[in-house]
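Chains as they are written, first to last, in the working numbering: chain A, 1 to 324; chain B, 325 to 826.
First comes the structure, then the notes that go with it.
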C-alpha cells in the first residue's frame with residue numbers, strides 16, 4: 001500500500017516536472033521552425049537517398065509538431081560532394097539540414113579536394129544502416145566465403161569482384177576482406193550497384209560486393225555468402241556473417257542527417273529529440289523495410305563517433321591502397 | 325502470368341487511373357515539345373507529389389509523360405530544327421526539310437503515327453515478353469555492349485555529311501566531350517579543372533541544347549524580315565485519319581524500327597537517342613533511294629520516331645526485372661516505384677502483380693492515346709506557335725532553354741556551359757560543320773570507352789576477352805558485314821563499269 005502511494009507520487013512528480021520543463025523550454029524555441037526546413041540531398045530525385053530523405057522527412061514533420069514542414073532539395077553531382085559541401089557552408093540555424101552517407105562522404109575528403117571535413121557538421125542522427133554483403137550468382141561454384149577466398153588465393157588479383165564505384169562502402173568492403181584474408185581481388189567498378197548486380201547475374205564477373213538492400217528481391221538469382229556485420233541481418237537470417245566464417249570484416253552504408261556545424265543548443269536538442277522519437281516508429285520502420293532498409297537510429301554524439309571512426313577507416317584504406 | 329495481366333485491367337480502367345494517363349500524355353507532349361525541358365525533368369518534378377497518390381495514378385502519369393515526351397520532341401525538331409529531346413535529333417534530319425517544303429504537317433502526322441505504333445509494340449513486348457527478354461539483357465556484359473557501341477559508330481559514316489574531314493572533326497569533338505569527368509575505372513579526373521560540377525561528366529541535354537537549340541534561336545532573332553504569318557500558321561494538313569492509309573507503305577520501316585527500338589531498350593545503359601540513330605541508319609540502308617534521305621524523306625521521320633517510342637516500355641524491362649535503369653527516365657521512374665515500396669527485381673512481378681501489370685496496360689493506353697491527343701490536338705496547336713513574330717519566338721525559346729538547363733541539377737554552372745556550347749554550335753553552323761556526329765560521339769564514345777575498359781579489366785588486360793563469348797562473335801560478324809558490304813558492292817560496280825568501258 002505504502003509502496004503504491006510512493007510509486008504514484010514518483011510518477012506524478014515525473015509528469016509534473018516534464019510538464020514544467022515543457023512550459024519552461026517552450027519560449028526558447030517557440031519560433032523554430034518558423035519556415036520550411038530544407039533537407040539537401042546530394043543525389044538526384046528518385047534515388048535511394050532521395051527516397052529516404054522524403055520518407056523520413058514526412059515522419060520528422062510529425063515528430064517536430066508545430067506544423068513543421070520539411071522540403072527536400074536535390075543538389076546532385078560529384079558523388080554527393082556538391083550536396084555535402086553546400087550543407088557544410090549553410091547557415092547553422094536549423095533550417096538547412098542534409099542527408100549524409102557514410103563512409104562515402106568522408107572517403108571523398110581523402111581522394112580529392114574537399115571543402116569540408118568531419119568537423120564541419122553537427123551530427124543529428126543516423127537513420128539507416130545497410131550492411132555490405134559478399135554475393136555470387138546462384139550458378140556459381142562457390143558456396144561459402146571460404147571457398148571464394150580459396151579461389152582468390154590460387155591466383156591473387158585475378159578473381160573479379162564487382163563494385164558499384166570506387167571510394168565507397170563496396171570498394172572498402174572488398175579491400176577490407178582482401179586484407180583480412182591476405183589476398184587480392186580484381187576490383188571492377190561498375191557504374192552503379194544495379195549494373196554490378198546485372199553483370200553478376202549474367203555471369204560476366206565471378207563475385208561482387210553490394211549493400212544487403214541491393215540483394216533483396218533477387219533471392220532466387222543471387223547467393224549471399226556473407227554479411228559484413230557483427231550480427232546477422234533480420235532480412236537474411238540464414239546468411240552467416242563474415243566474422244562467423246573467420247574473417248573479421250565490418251562494412252556497410254550508413255545514411256543519416258547532419259546540419260552545418262554550430263547549431264544553437266536548443267534547436268539542436270529539439271531536432272535530436274525528434275529523431276530519437278523516430279527510433280520506435282512502427283510505420284517508419286515498415287516503410288523502410290519495404291525498401292530493404294533497416295531503421296537504425298544513432299543520435300548526437302554517438303553518431304559523431306560513428307562518423308569519426310568511418311572517416312578513420314577511409315583514411316587508413318586510402319593510405320594503404322590509394323585508388324587513384 | 326497472363327492471368328495476372330487480365331486481372332490488372334479493371335483497376336486500370338477506373339476513371340481516375342485513365343485520366344492520369346491522359347493528363348500524363350498531354351503534359352508529356354508539351355514538355356517534350358519545349359526545348360530544354362525533358363521527360364526526366366517532368367517526372368522528377370512529379371515524384372514528390374506522388375507520395376500521397378495511389379500508385380497506379382502516379383505510374384499512369386509517368387507512363388503518359390514518357391510516351392508523350394518522346395513524340396513531343398519531334399514537334400520542334402520538325403518545325404524549327406530544334407530537337408525537343410535528345411532522341412529527336414534523328415527526326416530533324418528529314419522532318420525539318422519537309423517543313424521547309426511546306427510538308428511539316430504531314431511530317432508531324434507521320435511522327436505521331438510512328439510514335440504511337442512504336443509505343444504500342446513496346447508496351448506489348450513489355451506485357452508479354454518481359455521475363456524472357458530480361459534473360460537476353462543478361463547476355464550483354466561489358467564486352468558485348470562495347471561491340472554494340474562500335475556497331476552504332478559505324479553509323480557515323482553517313483552522318484558525316486558531304487565534307488568527311490569536317491564530319492570527323494565534329495565526331496572527335498563529341499568523343500572529347502565524353503572524356504570530361506572522373507574516369508569511372510580509376511577515378512582520375514579528366515578535364516575538370518577542379519570544378520566539382522564537371523566530375524560526373526557533361527549532361528547530354530546541356531550539350532544538345534547548346535548546339536541544337538541556341539543557334540537556330542539566334543537565327544530567328546537575326547531574321548529581321550517578318551514572316552508571312554498567314555500561311556505558316558496552317559500546316560496544310562488533312563485529317564490524320566485520311567493521311568494514315570497513305571502511310572501504310574512505311575510498314576517495313578515500322579517493323580524494323582520497332583525491333584531496333586525494343587532491342588536497344590533492353591540493353592543496359594543505352595537510350596532512345598541511340599535507338600533513333602541506329603534505326604534511321606538501318607532504314608536508310610534498306611531504302612531504294614538513300615540519296616533522298618536528309619532532304620525530306622518521310623520514311624526517315626518514321627524510322628526515328630518509331631524506334632524512340634519503341635524504346636520506352638522496353639527500357640522498363642531491365643528496369644523492372646533487374647533494377648537497371650536503362651535511361652535517365654527509367655531511373656527516375658524506379659524512384660517512383662520505390663516510393664510506393666515497390667522494389668524492382670524478379671520478385672516485383674510476384675509480389676505486386678496488380679500494380680506492375682497495371683503499369684504495363686497504362687503504357688499501352690498511353691501509346692494509343694498519342695494518336696488522338698498528339699495527332700488532333702497537339703500538332704495543330706503547336707503549329708500556331710509558328711505564327712508568333714520570329715524575334716519573339718526566338719526569345720521565348722532562349723528563356724525556356726535557360727530554365728530547362730538550370731533545372732537539371734539546379735545550378736547556373738550548367739547554364740554557362742550550355743552558353744559555351746551555344747557559341748561553338750553557332751560557329752559550327754556558320755562554318756558548315758555537321759552537328760549529328762557530335763551527339764553520336766558523345767553518346768557512343770563514352771559508352772564504348774567505359775565498356776571496353778570494364779571488359780579489359782574483367783579479362784585482366786587480355787584483349788582476347790573481346791571475342792570470347794558467342795554473343796560477342798555474332799556482333800563482330802555483324803559489324804564486319806556492315807563495314808565490308810559497301811566496299812564489295814562498290815568494287816563490283818567499278819569492275820562492271822571497267823568492263824563496259826573496256
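Idealized CB from N, CA, C, for every residue including glycine.
Given the structure is predicted, the values throughout are model-derived calculations rather than measurements.
Query: Per DSSP, what are the beta-bridge partners of residue 171/A in this structure?; Result: Beta-bridge pairing links residue 171/A to no other residue.
Query: Can you name the residues of chain C whose CB is closer than 9 Å to the CB of residue 190/A?; Result: Looking for chain C here will not work: the only protein chains present are A and B.
Query: Quick one: what does DSSP say residue 69/A is sitting in, helix, strand or coil?; Result: coil
Query: Counting only C-beta atoms, is residue 28/A closer than 8 Å to chain B at any point?; Result: Note that residue 28/A scores a pLDDT of 46, beneath 50, so its modelled location is shaky; the value from the coordinates is reported in the next line. By this cut-off, residue 28/A is not an interface position.
Query: Can you give me the C-alpha to C-alpha distance between residue 520/B and residue 97/A, rounded to a whole angstrom?; Result: 21 Å
Query: Under 8 Å Cβ to Cβ from residue 580/B, same chain only, skipping five residues before and after it: list those, please.; Result: 603, 606, 607, 610, 627
Query: Which residues in chain A sit within 9 Å of residue 368/B, going by Cβ to Cβ distance?; Result: 44, 45, 46, 74
Query: If the cut is a Cβ gap below 9 Å, which residues of chain A does residue 379/B touch?; Result: In chain order: nothing, as chain A lies at least about 12 Å away.
Query: Would you mind telling me which residues of chain A sit closer than 9 Å to residue 781/B, beta carbon to beta carbon, in chain order?; Result: 160, 186, 187, 188, 189
Query: Please go through the same chain and pick out, in chain order, the residues whose beta-carbon is closer than 6 Å to the beta-carbon of residue 539/B, but skip the five residues on each side of it.; Result: 749, 750, 753
Query: Check residue 513/B in the structure and name its three-state DSSP category.; Result: strand
Query: Assuming residue 324/A contacts residue 510/B under a Cβ cut-off of 8 Å, what Cβ separation, rounded to an integer in Å, is found between them?; Result: 5 Å
Query: Where do the N-terminal and C-terminal ends of the alpha helix (DSSP H) with residue 381/B fall, by residue?; Result: 379-396
Query: At the 8 Å Cβ level, is residue 99/A part of the contact set with chain B, yes or no?; Result: no
Query: Go ahead and pull the three-state DSSP assignment for residue 101/A.; Result: strand
Query: If the cut is a Cβ gap below 7 Å, which residues of chain A does residue 629/B touch?; Result: Here the premise fails: no neighbours, minimum Cβ distance about 27 Å.
Query: Here's the rule I'm using: 16 or more other beta-carbon atoms within 10 Å means buried, otherwise exposed. How should residue 129/A be labelled?; Result: buried
Query: In angstroms with no decimal places, state the Cα-to-Cα distance between residue 221/A and residue 137/A.; Result: 6 Å
Query: Counting only runs of 4+ residues fully inside the segment 715-761 of chain B, write out the alpha helix (DSSP H) ranges in chain order.; Result: 736-754
Query: Alpha carbon to alpha carbon, how far is residue 263/A from residue 92/A?; Result: 5 Å
Query: Distance, Cα to Cα, residue 437/B vs residue 388/B?; Result: 16 Å
Query: Just confirm the distance between the C-beta atoms of residue 758/B and residue 484/B, as a whole number of angstroms; I'd bet it's less than 8 Å.; Result: 7 Å
Query: Going by alpha carbons, who is nearest to residue 717/B out of 476/B, 451/B, 599/B, 547/B?; Result: 547/B
Query: Beta carbon of residue 633/B, beta carbon of residue 691/B: below 8 Å?; Result: yes
Query: How would you write the range of the beta strand (DSSP E) that residue 209/A sits in, first residue to last?; Result: 207-211
Query: At a CB distance below 8 Å, what residues from the segment 575-591 of chain B approach chain A? Give them in sequence order.; Result: none
Query: Under 8 Å between the Cβ atoms of residue 697/B and residue 353/B?; Result: yes
Query: For the segment 212-225 of chain A, list every residue whose C-beta sits within 7 Å of some C-beta in chain B, in sequence order.; Result: 216, 217, 218, 220, 221
Query: Count the other CB atoms, across all protein chains shown, that sit within 10 Å of the CB of residue 816/B; report buried if there are 16 or more and exposed otherwise.; Result: exposed
Query: With DSSP collapsed to three states, give me the class of residue 285/A.; Result: helix
Query: With residue 451/B as the anchor, note down where its alpha helix (DSSP H) starts and where it stops.; Result: 428-463
Query: I'd like to check one pair, residue 206/A with residue 159/A: are the Cβ atoms closer than 8 Å?; Result: yes
Query: Can you tell me which of the three DSSP states residue 528/B falls into?; Result: helix
Query: Any C-beta of chain A sitting closer than 8 Å to the C-beta of residue 371/B?; Result: yes
Query: So which residues of chain A does residue 670/B contact, with C-beta pairs closer than 8 Å?; Result: 217, 218, 220, 221
Query: For chain B, check one thing: does any of its Cβ atoms lie closer than 8 Å to the Cβ of residue 204/A?; Result: yes
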